[in-house]
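In the order they appear, the protein sequences are chains A and B. Residues in the first sequence are numbered from 18 upward in steps of one, following our numbering. Residues in the second sequence are numbered from 9 upward in steps of one, following our numbering. Backbone N, C-alpha and C fix where the C-beta goes; we use that ideal spot for every residue, glycine too. Remarks on the structure that follows.
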Amino acid sequence: MTTMTIAKAINEGLRATLGSNHRSLLMGEDIGALGGVYRVTDGLLAEFGADRVVDTPLAESGIIGTAIGLALRGYLPVCEIQFDGFVFPGFNQITTQLAKMHSRSNGNLTVPVVIRIPYGGGIGSIEHHSESPEALFAHTAGLRIITPSNPHDAYWMIQQAVDCQDPVIVFEPKRRYWLKGEVDTESPGMSEDPFKAHVLREGTDATVVVYGPLVPVALAAANAAAEDGHSVEVIDLRSISPIDFDTVTASVNKTGRLIVAHEAPTFGGIGGEIAARISERAFHSLEAPVIRVGGFHMPYPVAKVEEDYLPDIDRILEALERALSY
Amino acid sequence: MGATHLPATEFDGTGMDDQREAEAEARLGGPAEPMVQLLAPDGTLGTDPVFSEYAQRLDPDKLRGFYADMAKIRRFDVEATALQRQGQLALWVPLTGQEAAQIGSGRASQPQDYIFPTYREHGVALTRNVDLAELLRQFRGISNGGWNPKDTNFHLYTLVLAAQTPHAVGYAMGIQRDQKLAAAAAQADGTAGRPSEPKAAVVVYFGDGASSEGDVHESMVFASSYNAPVVFFCQNNHWAISVPSSVQTRIPLSNRAKGYGFPGIRVDGNDVIAVHAVTEWALERAREGRGPVLIEAFTYRVGAHTTADDPTKYRESAEEGLWRAKDPLDRLEKYLRAAGLADDAFFDQVKADGDELAAYVRKTTHDLETPDIRTAFANTYVEAHPLVAEELAWFEEYSAGFADEAEPADAETGAAH
């Protein structure tokens, strides 16, 4: 076990991948000499050279499109998109090409491209640097989407994404890049399956489902609720597509109440999908409607007011109170 | 039409009237810009300081083969159009007029090269030995692809304009890497200098309309930055559905290559010999590691954009007539006859072969089986996916319910399955 930040864990995970698979390569803007704007690829250029850590032109469609071509030739590209709000010039390539290549080729072609996207707010940045577009991609069949919330998952999930034969988007919670935690680099342990949710805290009164940047917030809210005598189960979803509904259903069958929280706007979001599915699967167990906690239906607001936008402990506790009031 | 909506340019001093006139002239009479041409519309063979050498490599068999391919694919085009009109295909994308651009460039590629088409490259598909009946699967609505690109190195058609251009560059970058890895491995095991795999390159097709898409720009930037072995083959057929090429570009498309730092060359796209020569030159150059080339094949889409289009609404029939006079098949026929390389018997045989192909395609199209939707469930992801599994299970149960209901109804009417 070693202690490291999420950023360092991804760096080590990429190092392990580049070291073990000579057909893997990293592509993105500023990922070489600079080591990425978040330094996630720091030192990798020096270690693996410019053929494996490729500083690309500033062109998101070009990055993803050429990665598709490289994958068709048998390579395993890992693309970095510098910020969440800049993925949209590459949206066409991701949704119309990457997601569908396997299907439209009747299973003859595979495009195991990984796309890393730092996402979410809370860093006090400017426009287009703090968005949560995961639902836009989750709606597209053919893509897989995962998001680590701790260094151990970060280390293993990036490697598992590269090993996966399907295209995988890894949303990295940028405001947690500096979160430290223990990493077992010898074994993934219970993180063996990147698409399985983890019950981080057991409880009996309500279930809170979160992922990525909100995981520490939900755990803190559960601790606060415990002081008021409420037992809250916290689930780290880890995979946004597919969603591990079995784990969530089992929890709701136990607790009878469900709150889903994410930073992305609630309307049309992942929370709505979970609410609908759990209403179908566990209707008779539910003691209250599924309550969603999320961002508002507005473009991500300016940094000076983002605290009012982002779900925090109090917003989760308010939802819990509503759920318990039924 | 689009041309009349163009703003007057502020930077070249060209007045609006002059501009219109130049555009009209370009569409009707051909380009004022230099263009590689070896075989003139009257069937005479000219010379070119660079490309005659490539033309001289063509023996009579190859030239007859060019004609046979062009005639075959034109016959196929007629048949597919008829099949669409009869409701057998959902849509058809005709290529008539562009046979030389496609056969000439396709025949210049080697088996190890990889081709990324757009959606009109039926002639290129023929040169890559794609079963033309399989090519119709997409248009019949029974597949979004239809053939396995690994069998022929001919990629699937792409309907999102220009989306295949960065794929081509990425694939070319992969070829580059493979060559480096192979060289390093040969160095390591002491086999350097021995014959190795033949060097490969990529050809990517797109049209004058698609040239406006950002992906073309990004692809050319990447291709130039990494010196990728890729040939950009733009078929300027003059019309992006109803919008003329003058709305896509104010300069010859081939000139755009200069801005990216690699050669651009305009070739008479109705001259199969010149197209073949220019493409062979560009591919050899790419395989040797000398980087990308943009070829603009100056040609014309004689028919509609697709069977859903009506060109009479946006262009004059006189324009089509002028281009028909530059027909790629007619000019090669004239040359072959004048040079004594082909006679009536040959042309009769070509016609018979075309009819045979058409009959094959007609029969096979009727016989193409509609797939089971379960194949779509199976091919959405490579690896197991719980949501897909859950929805498939629901579908199976739902379908089974109908099977139970269907039997008594059929029994009453005596209908057979």
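Item	Value
CB contact check: A:L35 to chain B, cutoff 9 angstroms	no
B:T373 and B:Q146 closer than 9 angstroms at C-beta	no
Among B:E296, B:T383 and B:E405, the one whose alpha carbon lies nearest that of A:H9	Since the first residue of chain A shown is 18 and the last is 343, residue 9 of chain A is not available in this structure.
Nearest to B:P394 (by Cα), restricted to the options A:Y326, A:E46 and A:D263	A:D263
Distance between beta carbons of A:I132 and A:A237, contact taken as under 8 angstroms	Going by Cβ atoms, the distance from A:A237 to A:I132 rounds to 30 angstroms, so no, they are not a contact pair.
Cα-Cα separation, A:L62 to A:V251	39 angstroms
Nearest to B:D356 (by Cα), restricted to the options B:D56, B:M43 and B:Y75	B:Y75
Span of the beta strand (DSSP E) around B:N244	V238 to N244
Cβ neighbours of A:C181 in the same chain (closer than 7 angstroms, five flanking residues each side left out)	P129 and R161
Beta strand (DSSP E) segment containing A:F188, residue limits	V185 to P190
Contacting residues, own chain, Cβ-Cβ under 7 angstroms from B:A290 (five flanking each side not counted)	V239, V301 and I303
Contact set between B:Y179 and chain A, taken where Cβ atoms lie within less than 8 angstroms	G86, L87, L89 and R90
Neighbour-count burial assignment, B:L47, 16 or more Cβ in a 10 Å radius	buried
Residue-chain proximity (A:I330, chain B), Cβ-Cβ < 9 angstroms	no
Span of the beta strand (DSSP E) around A:D72	V70 to D72
B:I183 at chain A interface by Cβ criterion, 9 angstroms	yes
Against chain A: residues of the stretch 142-156 of chain B by CB proximity under 7 angstroms	S151, N152, G153 and N156
Minimum length 4: unbroken alpha helix (DSSP H) runs contained in the stretch 168-256 of chain A	168-180 and 232-244
Integer Cβ distance of A:L217 from A:D253, believed to fall under 8 angstroms	5 angstroms
Sub-9 angstroms separation of A:R274 and A:L231 beta-carbons	no
Contacts of B:K158 in chain A (Cβ-Cβ under 7 angstroms)	N125
Short CB-CB distance (under 9 angstroms) between A:G82 and chain B	yes
Whole-number beta carbon distance between B:F230 and B:Y213, since they are thought to touch under 8 angstroms	Incorrect: roughly 17 angstroms between the Cβ atoms, too far for contact.
Euclidean distance between Cα positions of B:V168 and A:K117	12 angstroms
Residues of its chain near A:T283, where Cβ-Cβ distance is below 6 angstroms and the 5 sequence neighbours each way are ignored	R309 and G311
Reduced DSSP category for A:H279 - H, G, I as helix; E, B as strand; rest coil	strand
Beta-carbon contacts of B:S407 that lie in its chain and below 8 angstroms, excluding the five residues immediately before and after	none
Residue-level contact to chain B via CB, A:G220, 9 angstroms cutoff	no
CB of B:T287 within 9 angstroms of CB of B:V211, strictly	yes
For B:F162, the residue or residues it bridges with in DSSP	B:I123
Distance CB(B:A312)-CB(B:P102) smaller than 9 angstroms	yes
Under the three-state DSSP convention, the category A:V95 falls into	strand
Inter-residue CB distance, A:D101 and A:Y136 (contact presumed, cutoff 8 angstroms)	4 angstroms
Closer than 9 angstroms to chain B by CB, A:F108	no
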